[in-house]
Every structure is written in C-alpha cells, then in structure tokens.
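Below is one structure, written out as structure tokens; the observations come after it.
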Amino acid sequence: MAQELGIPEFEGWIRAFAAAVAEHRDELTTLDSAIGDADHGTNMDRGMAAVVAALDGGPPADGAALFKLVGATLVSKVGGASGPLYGTFFLRLAGAGGSGPWDAGTVAKALRAGVEGVVARGKAEPGDKTMLDALLPACDALEAALAAGQPLADALGAAATAAVEGRDATKPLQARKGRASYLGERSIGHVDPGATSAALLVEAAATALVPAQG
Amino acid sequence: MAQELGIPEFEGWIRAFAAAVAEHRDELTTLDSAIGDADHGTNMDRGMAAVVAALDGGPPADGAALFKLVGATLVSKVGGASGPLYGTFFLRLAGAGGSGPWDAGTVAKALRAGVEGVVARGKAEPGDKTMLDALLPACDALEAALAAGQPLADALGAAATAAVEGRDATKPLQARKGRASYLGERSIGHVDPGATSAALLVEAAATALVPAQG
Amino acid sequence: MKKLINAAAEVVPEALRGMAAAHPELRVDVDNRVVVRGDAPVRGKVGLVSGGGSGHEPMHAGFVGPGMLDAACAGEVFTSPVPDQVVAATTAVDGGAGVLHIVKNYTGDVMNFEMAAELVAAESGTEVNAVVVDDDVAVQDSLYTAGRRGVGATVLLEKMAGAAAEQGRPLAGVTEVARTVNARARSMGLALTSCTVPAAGKPTFDLPENEMEVGIGIHGEPGRRRVPVAPAREIAEMLVEPVLGDLDFTGGDGVLAFVNGMGGTPLIELYLMYAEVVGVLEKAGVTVARSLVGSYMTSLEMAGCSVTLVRMDDDLLRLWDAPVRTPALRWGV
Amino acid sequence: MKKLINAAAEVVPEALRGMAAAHPELRVDVDNRVVVRGDAPVRGKVGLVSGGGSGHEPMHAGFVGPGMLDAACAGEVFTSPVPDQVVAATTAVDGGAGVLHIVKNYTGDVMNFEMAAELVAAESGTEVNAVVVDDDVAVQDSLYTAGRRGVGATVLLEKMAGAAAEQGRPLAGVTEVARTVNARARSMGLALTSCTVPAAGKPTFDLPENEMEVGIGIHGEPGRRRVPVAPAREIAEMLVEPVLGDLDFTGGDGVLAFVNGMGGTPLIELYLMYAEVVGVLEKAGVTVARSLVGSYMTSLEMAGCSVTLVRMDDDLLRLWDAPVRTPALRWGV
Ligand SMILES: Nc1ncnc2c1ncn2[C@@H]1O[C@H](COP(=O)(O)OP(=O)(O)O)[C@@H](O)[C@H]1O
Ligand SMILES: Nc1ncnc2c1ncn2[C@@H]1O[C@H](COP(=O)(O)OP(=O)(O)O)[C@@H](O)[C@H]1O
Ligand SMILES: [Mg+2]
Ligand SMILES: [Mg+2]
Ligand SMILES: [Mg+2]
Ligand SMILES: [Mg+2]
Chain A
108 MAQELGIPEF
118 EGWIRAFAAA
128 VAEHRDELTT
138 LDSAIGDADH
148 GTNMDRGMAA
158 VVAALDGGPP
168 ADGAALFKLV
178 GATLVSKVGG
188 ASGPLYGTFF
198 LRLAGAGGSG
208 PWDAGTVAKA
218 LRAGVEGVVA
228 RGKAEPGDKT
238 MLDALLPACD
248 ALEAALAAGQ
258 PLADALGAAA
268 TAAVEGRDAT
278 KPLQARKGRA
288 SYLGERSIGH
298 VDPGATSAAL
308 LVEAAATALV
318 PAQG
Chain B
108 MAQELGIPEF
118 EGWIRAFAAA
128 VAEHRDELTT
138 LDSAIGDADH
148 GTNMDRGMAA
158 VVAALDGGPP
168 ADGAALFKLV
178 GATLVSKVGG
188 ASGPLYGTFF
198 LRLAGAGGSG
208 PWDAGTVAKA
218 LRAGVEGVVA
228 RGKAEPGDKT
238 MLDALLPACD
248 ALEAALAAGQ
258 PLADALGAAA
268 TAAVEGRDAT
278 KPLQARKGRA
288 SYLGERSIGH
298 VDPGATSAAL
308 LVEAAATALV
318 PAQG
Chain C
109 MKKLINAAAE
119 VVPEALRGMA
129 AAHPELRVDV
139 DNRVVVRGDA
149 PVRGKVGLVS
159 GGGSGHEPMH
169 AGFVGPGMLD
179 AACAGEVFTS
189 PVPDQVVAAT
199 TAVDGGAGVL
209 HIVKNYTGDV
219 MNFEMAAELV
229 AAESGTEVNA
239 VVVDDDVAVQ
249 DSLYTAGRRG
259 VGATVLLEKM
269 AGAAAEQGRP
279 LAGVTEVART
289 VNARARSMGL
299 ALTSCTVPAA
309 GKPTFDLPEN
319 EMEVGIGIHG
329 EPGRRRVPVA
339 PAREIAEMLV
349 EPVLGDLDFT
359 GGDGVLAFVN
369 GMGGTPLIEL
379 YLMYAEVVGV
389 LEKAGVTVAR
399 SLVGSYMTSL
409 EMAGCSVTLV
419 RMDDDLLRLW
429 DAPVRTPALR
439 WGV
Chain D
109 MKKLINAAAE
119 VVPEALRGMA
129 AAHPELRVDV
139 DNRVVVRGDA
149 PVRGKVGLVS
159 GGGSGHEPMH
169 AGFVGPGMLD
179 AACAGEVFTS
189 PVPDQVVAAT
199 TAVDGGAGVL
209 HIVKNYTGDV
219 MNFEMAAELV
229 AAESGTEVNA
239 VVVDDDVAVQ
249 DSLYTAGRRG
259 VGATVLLEKM
269 AGAAAEQGRP
279 LAGVTEVART
289 VNARARSMGL
299 ALTSCTVPAA
309 GKPTFDLPEN
319 EMEVGIGIHG
329 EPGRRRVPVA
339 PAREIAEMLV
349 EPVLGDLDFT
359 GGDGVLAFVN
369 GMGGTPLIEL
379 YLMYAEVVGV
389 LEKAGVTVAR
399 SLVGSYMTSL
409 EMAGCSVTLV
419 RMDDDLLRLW
429 DAPVRTPALR
439 WGV
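Protein chains in written order, with my numbering: chain A, 108 to 321; chain B, 108 to 321; chain C, 109 to 441; chain D, 109 to 441.
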C-alpha cells in the first residue's frame, strides 16, 4: 500500500474543493451578507471555476507546479480579501511541499506553511473571526494525530473535524479583522464566511488526499 | 324671503369647497396616482388652504372681488393643470357675476362663464375625461331646472347630482386631455381626479349657495 | 416612504436653500422658487427661462449658468410652476434682447407659461418667445392626446439654445435653434420601479418584482404598457427602435445619444445601457457623434432610464461643444 | 432584483464597454478592466493609480483624466481588483516620475495593492508609493478592527493629489498632499435602504420601512447601528457631529464640505441635506470654503448619503480649484 500522494490526489482535492464551493456558493454569500459585503461565495466560485478550467487544460508537472497554478489563479481571479489569502495559502503550500511525491509529513508541513502564509499576509490572530479560526485548529489536529501515529487519512479526518468545530466557534466571536470588524458587536452571532470556506477546503482534503491503493 | 346671495353665501361656498378638498385630499391624490402624477389632492388642498387664509384676512368688498381673490390665489398657488383651470374658472365667474348681489340667474350665468373659461384655457371637449365632464352637465342641469321654474336651491341640487353623475361617467372613458391621455387605453376604468374635485365644488355650491332666510 | 427630508411641504424650498449654499454663483430666490444666473440680466443677450415641477433634479435649476439657462422656476414636486414665478424669472433675465421660454409639453406647464407670457405682455415690453418640447415617442401626437410629452430632449435643447444665446444670436435665431433641436429629437423611457411623491407618501404605482413599465414620462406616471423584466440588450431595443421608427437618424452628421437615468438607477447600469444602445444604433447604421450618460432629468428615486437621440448638424455640434458652466453640466470653462 | 443588466457576471466588463464608447478620451482595457487616461504615460508626471470594487461609480474610472487619476482598476462588484490589474495600470501610467497608489482601507484592497507593489518592485524600476485612505469615523481606529474605512475622502483626495501631480510635483510631494488630505478628512454615512449585489440577487440586508442604518460603508454592509428614521435635520446632526467630534474643523481656511449620495438617492434630497449640514456646521462655528454635492461614491442603488469634511489650507484650496477634466468631475477646462 503506497503512502505517497501525487498529481491525481492533489487534483482530486482541488476539484473536490471547487465542487464544494460551487455547491455552497449561495450559502457563503448569504453568510457574507450578514457581516460583510455579500460576495464571498461569488468570489470563491469565480476563482475555483478558473482553477478547474486551468486544470482542464492539462495536469501540471508535479505538486509544486499544481499548487502554484492554483495559488496564482486565485490571486489573479478572485480579488477581495480571499483572493490574496487563499492565493498565498496555495503558493506557500507549493513552496513547502516541493515537487517530489508527498508523504503524510509533507502534507502537514505544507499545510502549516500555507496557513502561516495567510497569517503573514492578513496579520490576523486566532479568535479574530477569520478563516484562520478553521485553518489553525485543522493544522494543529493534523500534526497531533500524525504525532500520535495515526495514518494520514485518519489525521485528515481529525483535521476536518477541527476545522468544522473552529468554523462553528466563530459564531459567538466579535470580528477584529476584515469587513466584519466594522460591525463591532453586531458581528457576534454569525458564522464567518471565510472560516466556512476554509472548513470546506479541509473537508475536501480529508476525502481526496487519500493515498491510492497501490 | 330674500332670494339674493352675497358675501356670506359666497364665502360659505368657498369654505365648504376648501373643507371638502381637505377631507378628500388623499382620495384625489390616489385617483391621480392611477392615471396621473399623484398630486391633484395636494395641489387643490394647497390652493384652497391659501384661499381660506386670504379670506381669513377679512372679507372682500363684494362677490366679484371675492371670486377674483379666489381665482388669483389659485393661479398663483396651485400650478399644474388645475391651477390655471380652476383659477380661470373663478376669475371668469367673478367677471360675469359682477359686484352686485346675485340672484339665481346670475349664479347660472356666472357658472356658465366660469366653465367656458375652463374650455377656453384647456381646450378640452366633453368626454375627454376631465373636470369638464362634471362641470358641463352641472351647468346644463342648473339652467334647465331654473328654466323649469325650480328655486335656486333645488336647481343647485340638480346640478350637484349631474356633476356627481358626470364624475362617475368619466370612469369608462379614455382620456384625451391632460396627463391621463398619455396612458391611452390604460386610462379606462378610473374616475378622473379633476372631475372628482369639480363635483365637490358643485356639491359645496348646493349646500352653501342657499339664500339666507331674510 | 423613506427620504432625506424634513416635511413634505418644505422639500422644494429646503432643497433650493441647499442649492443656494452650494452654488454661490447663482442667485436663488427661495420664496419665489426662482434660480437665476448670478450676472443676470446679461445686456444684449437673449434670456433663457425654463422651469417645471420639482423632482427632476438637476433639471432645471442645475442647468442655470453661462452657456445654458438664465433662470429656472421650480414648481412643487411634479407640479408645474405658477405664472408669478415665470414672470419673475422673465423680468430678472430680460437683458433687452428678449426672452425664450422653454416649456415641456404638459398641459399644466403649457398653461402656466402661457398665462405668464400674457402677464408679461400686459405689464412690460419684454419680447417673449416660447418653444414647447415634445420628444416622447411613447405618446402619439394626435388630436386625441395632449400631444407628445417633453422629456430628455429638454436638457439637450437647453444646452444648445443656451450656447446660441451666449454667442449673441437674436431671439429669432435662438428660438430657431430650440425648435430645430426639438424637431430632430426623439426619446423613449422605461421604469423598473415607481417613485414616491413626498406629499403622497406612497409609490405612485405598484410594480411587481418581475415587471417593468415601458413608455413612461418623468412624473412617475404609469407607462404605456407593462412587460416582463428583460435583459439590458432587449431593453435597449425596446427603447431605441421606436425612436428610430419615428424619425430618420441615419446619415448626416450623426446623432447626439443621451442615456438618462431616472434617479434611482446607478451609473454602472447607465453605462452598461449605453453600450447596448450603441450596439442597436450600429446595427441600424446610425453614427454617434456625441454622447451624454447620466441622471440629468429624473423622476425622484425611480429606477429606470430613457434614451434620447438628436440628429445633429454642423451648427448643433458646435453649439453642443461650446463652453457651459452650470452645476450639472460643465465643460470648456 | 431589477437592474439594467444582462448577466450578473458580465456587469463590470459591459459597463466598461459603455464607458469606452461614451469617453473616447480614455483608454479602456475591457479585458484587464483598467481605464487609463488617453495620453498616458505623461512624461515626467507622477502617475496616480486607484481602484477598488465596482458598484461605486463614478468612482474610480469616472475620475480618470487630466488633473485627477491616470488610471483606475475596476474589480468585480464590491470586490477589490486583483494585483495583475494594478500592475498593468501602474506600468501604463509610469511616466518616469513614479506612481502613487491610492488605496481605500479595506483588507482586500490593501492586500491586493500590496501584492501588486511587490510584483512591480520585482519586475520593473518603477517607484511606487501608496497612500491608504481611512476617513470613516463610524469605525474605531483601534488594534481590534481593520481600522477606519476609506470612504468619501477618496474622491477629494484623488482630486487634490491629481492637481498636485498635474502641477509637476515630485512623487514625495504628491504623496504628501494625499496624506495631508487623508489626515484632515473625516466622513460618516447612512443608509435608508440596502442594495443588491447582482451576483447575490437579493438585498444585502433587510431594512424595515421605519428604520435606517447609521455608520455604513460603501459596500452595502450593515452599519454600526439601526435607528428609527428621522428628519433630514436630525440626520445631518447624526452624521456631522461624530465627524466634528473626531477632528477640529474650526478656524483656518475653512472646510471642503461634501454631501455624497449613495446611488439611489435623488439630487433634490442631497441638496436638502446639504442645507441641513451647513446649518449644523454654522452652529459649530465651522466655515465652509468649498462644497461638493452629488453621487460620486456610491453603493449601487442604495438610498442614503454620507458627509465628508476636509480641513483646508491655502495649498489645498488651490489644488481643489485647479482644472480637472474627467467624466464625473470637470471644471476649468
Ligand atoms: N486579515 C485577514 N486574515 C485572515 N482572513 C481574513 C482577513 N480579513 C478577512 N478575512 C477572511 O476573508 C473573508 C471574506 O472574504 P471575501 O468576502 O471574499 O472578501 P471581502 O471581505 O474583501 O469581500 C472573511 O470571512 C474572513 O474569513
Ligand atoms: N385640458 C384640460 N381641460 C380641462 N381639464 C383638464 C385638462 N387637463 C387636465 N385637466 C384636469 O386636471 C386634472 C389634473 O389636475 P392636477 O393633477 O392638479 O394637474 P397635473 O395634471 O398638472 O398634475 C385632471 O384630472 C383633469 O380633470
Ligand atoms: Mg466579502
Ligand atoms: Mg396631477
Ligand atoms: Mg402635476
Ligand atoms: Mg468584497
């Protein structure tokens, strides 16, 4: 049983995320209506549709090239806050994951680098009610599970659970970054749209980043 | 029993008309919303309130002066189609009625002159769906009743009935003058606002132009 | 009804007070509701007076200034001004070369301006001409209507006649420019929503979410017909085709194309509509020589637009390009 | 949702096509969504680049032209432009004297302009400065927010910095003008209705007939608080007082007072509001030196307005009065 991931799994992840974004497009926009400017679903869907179109043009050479393509496409198609943030996430993921095949450790390292890119770009902290509140717990859970000797599939499952919990935990928070922060106390009581799309991203990883049965 | 009318009756008529316009203001505007520009009640009420304020300043010398004041006030306060039309009506009424006391014949003659002023100013014809469709039948009924020997009070009652019938008869008509004409066939099925205010005018005459019990 | 107002009856004078504060180069008589160019009367220049109901801003007061109107009379919302106002404006701008009244073809406007002209004739020696604007192809010009309404062409006519007056043309010449523009202009409008007259307090008509009114005027009146909402491309055809059907706009020196917003439609949509209008014109072989896109003649907060075309010639092009300095239309100075 | 559009995803390029047709003096790159002044790059002049989400028209593309911006980047509706656009605009207007990025303080705008500046630095020798506009007193400028938003001051800053660039001031000087205007400007806005993002298809928030949102931005976001509707006089106090509370506007050379419409509010109401604003300022001992009234920075069809004050000095007054020639702001030329 091969434990390594390559283009098919990476592409599977990205396509699964794109499908999830398309499916939840209106929900993401509705969440953004409550505490933002009603475009998060449209933004992410426009970006991921462009990513899928790029992938349809033929698979990149390796994982690094693939995630670089995803990041660059998001940066140049999305705009808003989520464009640079998700774009940076994938560009850093590409850099840290490298062009060889990925094992479980590479996945954890790459994910952590991606999330650190989001922090560097957006300067948000945990609890600011942003996508980080889904991404950071997911990274932590993944690393902890791998350290405890769990297989990658189970560890990603734990990461997805943590991301979903982190997403839900944004509801009572008062936003301190992004548009939602303008609302002050009125941002309390709404789930953050970026945390919601980030949970979709981690869930897609849990279903798609499963090493092929060799 | 004196059969002559003077300032008290004239003023009573005008004040009764002003009160009726104030009471039916919103109704007149609603009628004008359907086939016009939603201002007939506001226009007439603004004008008649100014007339009442002018009368409150002290009674004019005679009937001619009083109706001239009414006409001039309407011309300078109402605007729109109804300002010049009602204004002309009262200016002509003043001219034809003259400054002596009025008997029934003077009332009929003055009313006819007023209505002819409306025709001259607005160039509408019977059946065009305008205030004339209430005013002309009222004049005709008044003259016919007086010719048949009825007393002024009864003749004015007949005029009021004719005005009301004329007003109601505008409903199935297609407008050919004023704003309502722009609607073409869509003007059918609505009572004309100007005919409605004109019926109020004639009804006010029937209640107020009653010779004082001498 | 939600509006930035205090009391319905005070909307017009209070807005004029704001105009006075914002435009010290104008003389605003708030009581008479007359806005006059600061240096009026200009000796030897024909005076241009227009006016109409309020609620169409920037028309007309926003077009007062060098190169356009000398004075504007503001009636109540959607109610033509009274003769006294027009007399006051006419007197204020009479520089000895006569005065042109620019009147939109509505029964009330025509009668009030007529009465004013009668009063001026009786009281003073001022020579007054009147031009009645009637460019709206939504209304049939027949014996059985009040004739076509005056809509978008009014703005363009005021600009070009204003330039002619500024050049020093005599009353007859300025009147001729105005008549020429009117004869060569046609318009058609459409509403996506109704508007609310402040004193009425509720929308003039109800328009369901999936319908629009085609062939509207500028007073919140219902239009000629109600149709399902359509994409901008089809709307452009609905508006432009009847205009092209009424007058030949091909050849010559091209057209001045004006896409006007009704007050509640954002500029992004007007530019989008303009692109569609140009598409329809191109297909019809009509050349656009000049354009104007914006909300210049409005119906309060109504959403919608109108399209006006004027068949231009050399003289009109020069008059259109001439400097103008008013609150709402300004170039070259 | 009723709008003069074809398809939600095509609104921005189609409106740009209309701008291109209506304004041949501008270069419109519809694919890149960049609008550039026709004669760019102007040799030796500092280039001014701004941009942001669409739906705020005429901002920013309507402010491109001599005396104001050299280029504007149009993002999707309410979504900041992407770095590629900003890079293209920066390259197009680089006349050798450097380029100033004028960025409204929104997380997305700031990050995308930052990434663009990084790309320009990596790829070319163009010197780029950035000024971030943050004039909205509805938002606390604290560590616990994204800082104050950039709203109405943007328009005024673009005008004055544009005049400074046109005069030939160097990048440092133009940047200083922009920073000065921003430091001396404060704004506050209010919505009577929500707006509908085309791609979302329904209003961003529901606002009952008897309530309004105070402290809104320009993206249809809900405001800081919801209050019962109030007369214009009280609204003027609600908007002006927090502005005056945040900065001293008395004395000196007076203020530039800007009453801005949010897109769906007719001009008659804006003038009325302006009169009320002047009333509040007079009571507070603030002198108005210049004014601007109109819908220059909008939120699609939202009804409402904002008030911006800038504390002027001699230099700023001259820069404000200097000629400008853009689709939406034009005088002196
Ligand atoms: N500084 C930041 N750091 C991390 N995430 C952020 C930051 N600012 C905003 N976000 C995320 O971006 C999301 C909004 O994205 P989107 O609606 O696409 O962009 P915009 O706010 O520009 O309209 C928010 O829900 C939040 O999760
Ligand atoms: N040419 C005309 N002759 C007689 N009455 C007319 C004429 N035109 C309009 N009217 C009357 O005027 C009424 C409308 O008055 P009003 O609403 O006050 O003025 P406007 O139409 O200018 O808004 C119509 O209902 C009609 O009865
Ligand atoms: Mg958003
Ligand atoms: Mg009416
Ligand atoms: Mg009217
Ligand atoms: Mg956005």
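Backbone N, C-alpha and C define an ideal beta-carbon position, used for all residues, glycine too.
- Nearest in C-alpha terms to V298 of chain A, of all of A:L243, A:V128, A:A123, A:S140, is A:S140.
- Following the DSSP letters along the chain, one finds P167 of chain A in no alpha helix (DSSP H), marked with neither H nor E.
- In the three-state reduction of the DSSP assignment, F197 of chain A falls in the helix class, which pools H, G and I.
- The beta carbon of T136 of chain A falls within 9 angstroms of a beta carbon belonging to chain D, placing the residue at that interface.
- Taking the beta carbon of L290 of chain A as reference, the chain D residues within 9 angstroms of it are E329, P330, G331, R332, listed in sequence order.
- By the Cβ rule, the stretch 322-341 of chain D counts as touching the stretch 245-259 of chain D, because three or more pairs are nearer than 8 angstroms.
- Distances from the CA of A197 of chain D to each of D:G204, D:H209, D:A205, D:T187 were compared; the closest alpha carbon is that of D:H209.
- Contacts with chain D at 9 angstroms (Cβ-Cβ) do not include R274 of chain A.
- The Cβ neighbour count for K230 of chain A, taken over all protein chains shown within 10 Å, is under 16; the residue is labelled exposed.
- Given a length threshold of 3 residues, each whole run of the beta strand (DSSP E) inside the stretch 328-408 of chain C is given here in chain order: 333-336, 363-369, 396-402.
- Excluding sequence positions up to five before and after G309 of chain D, its CB lies within less than 6 angstroms of the CB of M109, all in the same chain and listed in chain order.
- Taking a Cβ-Cβ threshold of 9 angstroms, none of the residues of chain D is close to V222 of chain A; the smallest such distance is about 16 angstroms.
- The stretch 258-276 of chain A makes contact with the stretch 240-247 of chain A, as at least three CB pairs between them are under 8 angstroms.
- DSSP, reduced to helix, strand and coil, places C303 of chain C outside both helices and strands of the structure shown, so it counts as coil.
- Residues are counted here when their Cβ sits less than 7 angstroms from a Cβ of chain A; for the stretch 147-173 of chain D the count is zero.
- Membership of L417 of chain D in the beta strand (DSSP E) is indicated by the continuous run 412-419.
- Under the three-state reduction of DSSP output, V207 of chain C falls in the strand class.
- Excluding five sequence positions before and after A127 of chain B, the CB atoms of its chain that fall closer than 6 angstroms to its own CB belong to L307, A311, given in chain order.
- Within the stretch 225-261 of chain D, the complete beta strand (DSSP E) segments of 3 residues or longer fall at 236-241, listed in chain order.
- Between ligand 4 and R125 of chain C, a heavy atom-to-CB distance of less than 8 angstroms is absent.
- DSSP places V222 of chain B in the helix class (H, G or I) of the three-state scheme.
- Taking 9 angstroms as the cut-off, the Cβ atoms of L138 of chain B and P279 of chain B do not count as close.
- Looking at the DSSP output, G155 of chain D shares a beta bridge with D:V207.
- Excluding five sequence positions before and after G224 of chain A, the CB atoms of its chain that fall closer than 6 angstroms to its own CB belong to T195, F196, R199, given in chain order.
- With respect to chain C, the C-beta atom of M381 of chain D has a partner C-beta closer than 9 angstroms.
- By the Cβ-count criterion, G359 of chain D is exposed, with fewer than 16 other Cβ atoms from all chains shown falling within 10 Å of its own Cβ.
- The beta carbon of G187 of chain B sits closer than 6 angstroms to the beta carbons of N150 from its chain, once the five residues preceding and following it are set aside; these are given in chain order.
- Interface residue (Cβ-Cβ distance to chain C less than 9 angstroms): V185 of chain B is classified as such.
- Secondary structure at R277 of chain C: coil, using DSSP grouped into helix, strand and coil.
- Under the three-state reduction of DSSP output, S188 of chain D falls in the coil class, being neither helix nor strand.
- Under DSSP, D137 of chain D takes part in a beta bridge, and its partners are D:V142.
- Chain-ordered, the chain C residues with CB closer than 7 angstroms to the CB of R438 of chain D read R438, W439.
- For I142 of chain A, a Cβ of chain D is located within less than 9 angstroms of the residue's own Cβ.
- Taking the CA atoms as reference points, D235 of chain A sits about 21 angstroms from D242 of chain D.
- Separation of E377 of chain D and S232 of chain D (C-alpha to C-alpha, rounded to the nearest whole angstrom) is 48 angstroms.
- In terms of Cα proximity to P350 of chain C, the closest of C:V385, C:P339, C:L380 is C:V385.
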